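K.L.:
Quick one: the structure is below, questions incoming.
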Amino acid sequence: MKKESKNFTFHQTNIGDVKSIIIPRLTNANKGDFGHAILVAGSKGMMGACVLSAKSILRSGAGLVTVCIPKAGELIMQTSVPEAMVLVDSNDNSISTCPDLEKYSAIGVGPGIGTSLKTKKAISDLIKKVKIPTVFDADALNIIAQDKELLKDVPKDSVLTPHVKEFSRIVGKFDNINDRTALQVDLSTKYKINILVKGHETCMTDSNGDIFINTTGNPGMATGGSGDVLTGIITGLISRGLRPFDAMIAGAYLHGLSGDIARESLGEESMTAQDLVDHLGQSFLKVI
């Protein structure tokens, strides 16, 4: 449904949009049909972000998942997400080197990585090296904000998923939502990327400058780790073959729908990011 605000025309996403994007699996499908995603995430003390994101990639249908993490997180990952393969960085506490990315069909970067000097260098190298659209979130966005020249190297059609403060670090201050939306449209069209600014009525823009507003979700999702789940969902959907734009639209809808389903039994006050992961399967059942 198209609507107009004072300055913009936008499309409100709906379940029909998502049903047209998510294709049911064929009876004779195998894991190779759903890609191999890599998640570059985690640092000492912030491995929970990596766990939530990796679980969400798997719950979103990726065939295989590899997580690139520092040594400190190996035991946590192997026990918390046994389905994931682990690629251990040489550094104990944080990501310090860019992994080989050639064999992966989807790449997610940023949850819980921190902004140490070694990590900044590794992410900078990754951005300059990666050749396919990539999902950038959290501290990967903060690293880009500290060196905005990196935006020129971000692969076209990538997905950036900042919350409002992360977005302001990239584009500068804005006075109101109309100014923010204008800056978002400008950034998407200039660098030919998809941008999703998280929050109430999550706003998404594509490389053409078209604007989409997500219609699912509730205040119970305003909790630590919720964004890491979204990153995982979008990465998982890209892995299984969706265009990054479609993965962004469907991912935001499914993420919010999981929160809405969780609210039915948990309410808003006690909802956690893990609850979003746990209800993701029910969200998929509603759109397939």
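Each residue of the sequence shown is one higher than the one before, counting from 14 in the numbering used here. Glycine included, each C-beta is placed from N, C-alpha and C at the ideal position. A quick note: this is a predicted structure, and the numbers were derived from the prediction, not measured.
1) On the premise that HIS176 lies in contact with GLY212, defined as a C-beta separation below 8 angstroms, what is that separation, rounded to the nearest angstrom?
2) I'd like to check one pair, PHE23 with ILE206: are the Cβ atoms closer than 9 angstroms?
3) Taking GLY237 as the reference, give the member of THR285, GLY55, ILE247 and ASP152 with the closest Cα.
4) When the distance is taken between beta carbons, is LEU139 closer than 9 angstroms to VAL53?
5) Out of SER220, ASN231, GLY245 and PRO37, which has the shortest C-alpha to C-alpha gap to THR79?
6) Hey, out of ARG256, SER278, LEU270 and GLU281, whose CA is closest to GLN303's CA?
7) With DSSP collapsed to three states, give me the class of MET59.
8) Which residue wins for smallest C-alpha separation from THR152, given the options THR26, SER118 and ASP241?
9) For ASP199, tell me which candidate among PHE187, GLY222, GLU179 and LEU209 has the shortest Cα-Cα distance.
10) Just how far apart, CA to CA, sit PHE47 and LYS161?
11) Using beta-carbon positions only, say whether THR228 and ASN27 come within less than 9 angstroms of one another.
12) Given a cut-off of 9 angstroms, decide if ALA263 and ILE35 are closer than it, judged by their beta-carbon atoms.
13) Using DSSP's beta-bridge definition, name the partner residues of GLN295.
14) Measure the alpha-carbon distance for GLU277 versus MET234 and round it to whole angstroms.
15) Starting from HIS49 and walking both ways along the alpha helix (DSSP H), at which residues does that stretch end?
16) State the Cα-Cα distance for the pair CYS81 and ILE126, rounded to the nearest angstrom.
17) Within 8 angstroms, do at least three Cβ pairs link the region 244-259 to the region 144-151?
18) Quick one, which of ILE208, GLU96, PRO83 and SER109 has its alpha-carbon nearest LYS44's?
19) Return the Cβ separation of LEU154 and GLY123 in integer angstroms, given the expectation that the two are a contact with Cβ distance under 8 angstroms.
P.N.:
From the atom records:
1) 6 angstroms
2) no
3) THR285
4) Yes, Cβ-Cβ distance for VAL53 and LEU139 is below 9 angstroms.
5) GLY245
6) Examination of residue 303 is not possible in this model, given that the chain is present from 14 through 301 alone.
7) coil
8) Checking the sequence shown, residue 152 turns out to be Asp, not Thr. From the listed residues THR26, SER118 and ASP241, the smallest Cα separation to ASP152 is found for ASP241.
9) GLY222
10) Each residue's alpha carbon lies about 33 angstroms from the other.
11) yes
12) yes
13) According to DSSP, which records beta bridges pairwise, GLN295 is partnered with nothing at all.
14) 13 angstroms
15) Run containing HIS49: none in the alpha helix (DSSP H); it sits in the beta strand (DSSP E), 49-53.
16) Distance between the alpha carbons of CYS81 and ILE126: 10 angstroms.
17) yes
18) GLU96
19) Confirmed, about 6 angstroms.
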